[in-house]
Amino acid sequence: MGQVVKLDKAAMEKAAKDKAAAAHAAAANDSIIAPPPVRRRKLAWTPARIGVYGFLIVAALFFLLPLYVMLITSVKPMEEIRLGTLFALPVKATLEPWLQAWSSACTGLECNGIRSGFWNSVAIVVPSTILSIGIGAVNGYALSFWRPRGAGLLFAILMMGAFIPVQVMVYPLVRVLASVNLFSSLPGIVLIHTIFGMPVMTLLFRNYYAALPMELFKAARIDGGGFWRIFLQLMLPMSTPVIVVAVIMQVTGIWNDFLLGLVFAGSEHLPMTVQLNNIINTTTGERLYNVNMAATILTSLVPLALYFVSGRWFVRGIASGAVKG
Amino acid sequence: MAKKRQSVSIAAYIAIIPMALTVLLAYLGTMLWTARVSVSSSRTFPASDFVGASQYIRLFNNERWLLSLQNVAVYGVLFIAACLIIGFLLAVFIDQKVMAEGALRTIFLYPYAMSFVATGLIWQWILNPELGIQEVLHQMGFTNAKFDWIVDQDMAIYTIVIATVWQASGLVMALMLSGLRGVDEELWKAARIDGIPRWRVYVSIVLPMLGASVSTAFVLLFVMVVKVFDSVVAMTQGGPGTASEVPAKFIMDYLFGRANIGLASAASIVLLSTVLAIVAPLYFVRNRRAAKGA
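Going down the list, the protein sequences come from chains A and B. Residues 1179 to 1503 (the working numbering) make up the first sequence, in order. Residues 2 to 295 (the working numbering) make up the second sequence, in order.
See below:
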C-alpha cells in the first residue's frame, strides 16, 4: 500500500515538474508581444516605408532626448552649463558631479549626498518585495484551490481597493501605525508597501494558479498533502515565471514610490526618490544642475537596469497589472 | 479523514487572515473613517461631532480646490488623449514589419520604468527658462522664441502633460501592440484583395477590434490622472503660485501641512466617488463581457 502511494507520488511529482517546465517554456515563448509569424517578404523602399521609418526615428529621438540631456548635463562642469547650450556635448567632461551627487550633495542642512537614500531604498525594497510576494502567492493559492468561505468576497473588495486613491487611506493609516508605534519606521513602511501591493500581487498569483490544472491539486490532496505542504512543495516550485514578473513589478514600483515613502518612512528612512526631490527642490543658493542630473540618473539606475535586463518580462508585468487597472 | 479535512481548511482560513485584515482595516476601515471625518468639524485632530455637508460646501467654495479640479480635468483630457494617440500610432508603425523592432520598443517604453519624480526633474531642467530649450532657441537665432511654460501661470499645467506623456505613452504602445498582434492575418489578406488602403483598415476595422486594449489603457491612464502628485511636486511644486495645483496635492497639503483633516477628507471622498463613478461601469462591462466568454 505504502509502496503504491509512493509510486503515485513520484509519478505525480514528475507530472508536476513536466507541467512546470512546459509552463515555463510556454511563458518564455508566447511572450505577450511575440513577433508576428513568418511573413518575411522583401519590402521595397516605397515612399510609405520611408515615411514609416521617418516617423519612428523622429519619435525615438523624442523619447531619447531627455536621457541624452540628462547624461551630458551630468558630466558638464557648471561653467559649460551656464552657457545655455543644453544639447551640446561637454567640452571638458568630468565625473565630479556624480561623486558630489553620491556623497556630498545637500538636502537642507545635511550634505551627505544621495547615498543614504540609496541604502534606505534598498532596505525598504528588499523586505517589502519579499513580504508582498509571499502574501500575494498565499492569497492566490488559497483563492484558486481552497476557496475558503468569504474569500471570494474579500478578493472582490480587494480588487476595488486597487482603485481607491491613496489620499483616502493615508491619514487613518498614519494614525493606526502611530498607535502601534510603527509610524516613521522601517517595519511601518514595509507594511504599507505590502498593503498597497496586495491587490495586484494577489491577482497576479490567483490568475497564474487558476490556469494550472485542478487535477494536479486533487492528486496532491489524495496523497494527503496539507495546505502548506502542497503550497511549498508543489505550487511554489512551479511559480518561477510569475515570481519573476512579480519581483520586477514590485521592485520597480516600490523603488519609484514617492508619496508613501514621504509620509510613512520617517526622516531616518527616507527613500531615494524623496531625497532626490529634496536635493533638487529645496536647495538654496546656486542650483548645481550637473549634480542634480547625476543624482536623478543614480536614482533611476535600479529600475532602468532592471528594465533593460528583464525586457519582455517587464512587459508581461504591465499586461498582468493592467487587468486590475 | 473528516477530522483531517477540518484541520486543513483551518489552515486555509489562517492563511487568508492577512488579506482579511488588509481588506477590512486598510481598505474598508480607512474609507469609512475618512467618510466619517468628512462630515465632522475636524481640524488638527479628528472630532466626533456631526456637521452635515458643511465641509463639502466649504470645499466647493475653496478657490484652490476649484482650480485643482479644473487643472486635473484639463490635464486628464490632454494626457489621456495624447497617450492614447501617440501610443496607438507608435504601435501601428512598429507593426509594419520594421527593422530593429526590439530596439524601438525598448526606446519607447524605457521612460515607463522611471519614477514620476525623476521624470518631473528631467523635464524641469529641459524646460528651464534660463538655460533650457528656450535659451537654445534664442541661440539658434529665434530671439523672440518663448518657451517658458514652466514659470507661466497659464501654461505650467501643460508642462506636466508633456513630461508624463513622455513617461506613459510607451505603456499604451505596449498594450496596443499586443492587441495588434492578435489581429488575424486573414483580415489583411482580405483587405488587400478588396484594395482597401492599410490606414483605412486600421482606423475602421482594427481600432474597433482593439476595444479591450483601449479600455485597459484608459483605466490605467485614468488612475494615473487621479493620482498625479509626484510629477507635480517634482516639476513645479504646484506653482507658479497655485497655478498647477492638483487634487491629490491639495489633499496632502491640507492633511499634513495645513492640518485641516475635515476638509481634506471631504476632498478625498469626492476624489474617490469620481474614480468609482468612472471605473466601476467600465469594470462591470468588461466582466460581463468576459463572463459571456467573448
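Backbone N, C-alpha and C define an ideal beta-carbon position, used for all residues, glycine too. All of these numbers come straight from a predicted model, not from anything done at the bench.
A:S1299 to A:L1440 span [Cα, whole Å]: 12 Å
Would you give the residue range spanned by the alpha helix (DSSP H) that A:M1256 belongs to? M1256 to I1259
For a contact defined as C-beta to C-beta under 7 Å, what are the partners of B:I252 on chain A? Q1345
Do B:I158 and B:L1 count as a contact pair if the criterion is CB distance below 9 Å? The question about residue 1 of chain B has no answer, for chain B in this structure spans 2 to 295.
When you check each C-beta in the region 181-198 of chain B against every C-beta of chain A, which residues fall closer than 8 Å? So the close ones are R182 and E186.
Contacts that B:S269 makes with chain A (C-beta to C-beta distance below 7 Å): Result: P1343, Q1345 and V1346.
The region 161-168 of chain B in contact with the region 103-119 of chain B per 3-pair CB rule at 8 Å: Yes, they touch.
If you check the beta carbons only, do A:M1392 and A:F1323 fall under 9 Å apart? yes
Residue span of the alpha helix (DSSP H) that contains A:H1371, given as start and end: L1364 to A1388
Using a Cβ cut-off of 7 Å, which residues of the region 1409-1421 of chain A contact any Cβ in chain B, in chain order? none
I'd like to check one pair, A:S1310 with A:A1443: are the Cβ atoms closer than 9 Å? no
Does the distance from the C-beta atom of A:A1283 to that of A:G1291 stay below 9 Å? yes
Span of the alpha helix (DSSP H), counted from its first residue to its last, around A:P1244: Its alpha helix (DSSP H) spans residues P1225 to S1252.
Taking the alpha-carbon of A:I1335 as reference, which of B:G133, B:G30, B:A12 and B:I15 has the nearest alpha-carbon? B:G30
A:L1466 versus A:L1479, A:Q1278, A:W1433 and A:Q1345, residue with shortest Cα-Cα distance: A:Q1278
Hey, does B:N63 have any beta-carbon neighbour from chain A nearer than 9 Å? no
Taking the alpha carbon of B:I11 as the reference point, which residue from A:S1478, A:F1405 and A:L1351 has its own alpha carbon closest? A:F1405
Can you give the beta carbon distance from A:I1426 to A:L1484, rounded, assuming they're within the 8 Å contact cut? About 6 Å; that satisfies the 8 Å criterion.
Determine which residues of the region 64-92 of chain B have a Cβ less than 9 Å from any Cβ of chain A, and write them out in chain order. I87, L90 and L91
Any idea which residues DSSP pairs A:I1285 with across the strands? Strictly speaking, residue 1285 of chain A in this sequence is Thr, with Ile absent from that position. DSSP output for A:T1285 lists A:E1288 as bridge partner(s).
Could you tell me which chain B residues have their CB closer than 7 Å to the CB of A:G1366, listed as they occur along the chain? Those do not exist, as A:G1366 stays about 13 Å from chain B at its closest Cβ, beyond 7 Å.
Would you call the region 1327-1341 of chain A and the region 10-25 of chain B in contact, with 3 or more CB pairs under 8 Å? yes
For B:Q56, which residues in chain A fall below 7 Å Cβ to Cβ? Under the 7 Å cutoff, chain A gives no residues; its nearest Cβ is about 14 Å from B:Q56.
Counted within 10 angstroms of its Cβ, other Cβ atoms place A:S1445 as buried (16 or more) or exposed: Classification of A:S1445: exposed, given that the 10 Å Cβ count is below 16.
Could you tell me which chain A residues have their CB closer than 8 Å to the CB of B:I134, listed as they occur along the chain? L1264
Residues of the region 222-249 of chain B whose Cβ lies closer than 7 Å to any Cβ of chain A, in chain order: V224, V227, K228, F230, D231, V234, A235, Q238 and A249
Hey, how far is the Cα of B:I206 from the Cα of B:L110? 26 Å
Apply the 10 Å Cβ neighbour rule to B:C84 and answer buried if 16 or more other Cβ atoms are within range, or exposed otherwise. buried
Tell me whether B:I18 sits in a helix, a strand or coil according to DSSP, three-state version. helix
Taking 9 Å as the threshold (beta carbon to beta carbon), is A:A1237 in contact with chain B? yes
Is there a C-beta anywhere in chain A that falls below 9 Å from the one on B:S42? no
Exposed or buried, which one is B:D155 when buried takes at least 16 other CB atoms within 10 Å? With fewer than 16 Cβ atoms within 10 Å of its Cβ, B:D155 is classed as exposed.
Verify whether the separation of the beta carbon atoms of B:F223 and B:I279 is less than 9 Å. yes
A:K1270: buried (16+ other C-beta within 10 angstroms of its C-beta) or exposed? So A:K1270 counts as exposed.
Applying a beta-carbon distance threshold of less than 7 Å, which residues of chain B neighbour A:A1320? A13, A16 and I17
Assigned secondary structure, B:Q238 (DSSP; H/G/I helix, E/B strand, else coil): coil
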